[in-house]
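The C-terminal residue of the sequence shown carries number 97 in numbering that gives the first Met the number 0, and the numbering is unbroken.
Glycine included, C-beta positions come from ideal geometry on N, C-alpha and C.
The structure appears below as structure tokens.
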Amino acid sequence: MWKEFEIIISAEDIQKSKPDPEVYEKAFNGLNEIEKLEKEDSLAIEDSLVGVESAQNAGIKVIAIPNKNSFNKEEDLSIADYIFESFNSKELKDTLLK
Numbered sequence: 000m001w002k003e004f005e006i007i008i009s010a011e012d013i014q015k016s017k018p019d020p021e022v023y024e025k026a027f028n029g030l031n032e033i034e035k036l037e038k039e040d041s042l043a044i045e046d047s048l049v050g051v052e053s054a055q056n057a058g059i060k061v062i063a064i065p066n067k068n069s070f071n072k073e074e075d076l077s078i079a080d081y082i083f084e085s086f087n088s089k090e091l092k093d094t095l096l097k
């Protein structure tokens, strides 16, 4: 599975945890070295409020997909740019194909 990803950032690679934008900044900068990107062309997928805040703090649009199995399943994720109920949502697929 690891060979499918060009950049992998884990907790061991950062100093500050979410909602600090460090993890997204590090991932974006790493990807930007491979292929020039603009943050407005980037998209994060998150399942928690601190994750949504982290991506937004980095200037990246966010799709929120609530994790119904986590202890935070009642979090208000309405600050995300998009909210979908699952990865299988037709609306999510349509959004990703834009």
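If you look at I62, you'll find it in the beta strand (DSSP E) that goes K60 to A63. Annotation for I33: the continuous alpha helix (DSSP H) segment containing it runs E21 to I33. Around the Cβ of A43, a 10 Å sphere holds 16 or more other Cβ atoms; the residue is buried. When the five nearest sequence neighbours on each side are left out, the beta carbons in the same chain lying within less than 6 Å of the beta carbon of E74 are those of L48, in order along the chain.
For the set I6, P18, E37 and V51, the Cα lying nearest the Cα of K25 is the one of I6. The beta carbon of D80 is closer than 6 Å to those of K60 and V61 in its chain, skipping five residues each way along the sequence. In this structure E21 is not in contact with I33, their Cβ atoms being roughly 19 Å apart against a cut-off of 8 Å. Following the DSSP letters along the chain, one finds L42 inside the beta strand (DSSP E) bounded by residues L42 to E45.
With a cutoff of 8 Å on beta-carbon distance, F83 and L91 are scored as near each other.
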